[in-house]
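*Asks:*
Numbering (the working numbering), first residue to last: 83 to 257.
(1) DSSP three-state call for residue 186: helix, strand or coil?
(2) Look at the alpha carbon of residue 191 and the alpha carbon of residue 199, and state the distance between them as a whole number of angstroms.
(3) For residue 146, list the residues DSSP reports as bridge partners.
(4) Only counting the same chain, and skipping five residues up and downstream in sequence, which positions put a Cβ closer than 7 Å to that of residue 130?
(5) What residue from 117, 181, 85 and 87 has the CA that sits closest to residue 165's CA?
(6) For the alpha helix (DSSP H) that contains residue 208, what are its first and last residues?
(7) Just how far apart, CA to CA, sit residue 141 and residue 115?
(8) Do the segment 209 to 223 and the segment 233 to 240 make contact, defined as three or more Cβ pairs closer than 8 Å?
(9) Return yes when the Cβ of residue 169 is within less than 8 Å of the Cβ of residue 150, no when it is not.
(10) Tell me whether residue 100 sits in a helix, a strand or coil according to DSSP, three-state version.
Okay, here's the thing in structure tokens:
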């Protein structure tokens with residue numbers, strides 16, 4: 083779940099997430115709230131408090147868009163997120179040389195040393211996927227698997243059948 087800057091100003095923003103998780107019997111440990119890397123520079127103390135509340139609620143927390151230009155490695159000593167989501171900018175055409183691969187590999191090593199899961203966004207080619215497998219990246223997102231698809235098509239891909247009609251969800255306007 084992506085968290086916006088507006089959430090930071092609302093001390094009760096987690097109530098909605100907790101209510102939805104409880105209503106659908108989803109364990110908090112299966113839900114991750116993503117904070118964009120740029121949010122980490124606006125109010126570090128406030129963000130540390132928000133991350134603490136996210137963890138107290140039983141949810142996981144990710145730093146999204148890691149390495150997109152705002153990174154401060156020293157910040158990772160104070161900010162305790164559960165995963166680093168490497169920005170898709172690392173896979174821009176022309177960036178797939180030894181130097182780029184070394185930076186990605188070091189991000190994985192950093193994640194391991196800090197007991198964080200590493201996720202690479204924007205993976206589009208088999209060669210990128212093979213490289214990530216070689217360095218034992220934790221998770222991968224990208225078109226190499228599938229472009230975004232409507233829920234019924236996803237259900238067919240993931241489960242071999244459509245679940246539509248078997249699971250009911252609130253309309254987004256009610257969440």
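For every residue, glycine included, the Cβ atom is placed at its ideal position computed from N, Cα and C.
*Replies:* Put simply:
(1) Reduced to three states, the DSSP call for residue 186 is helix.
(2) As the crow flies, the alpha-carbon of residue 191 is around 10 Å from that of residue 199.
(3) Residue 146 pairs with 118.
(4) Excluding the 5 residues flanking it on each side, residue 130 has same chain C-beta neighbours closer than 7 Å at 160 and 161, in chain order.
(5) The shortest Cα separation from residue 165 among 117, 181, 85 and 87 belongs to 117.
(6) For residue 208, the uninterrupted alpha helix (DSSP H) run begins and ends at 208 to 216, by DSSP.
(7) The alpha-carbon separation between residue 141 and residue 115 amounts to approximately 7 Å.
(8) No, they do not touch.
(9) Taking a C-beta distance under 8 Å as the contact criterion, residue 150 and residue 169 qualify as a contact pair.
(10) Helix, per DSSP.
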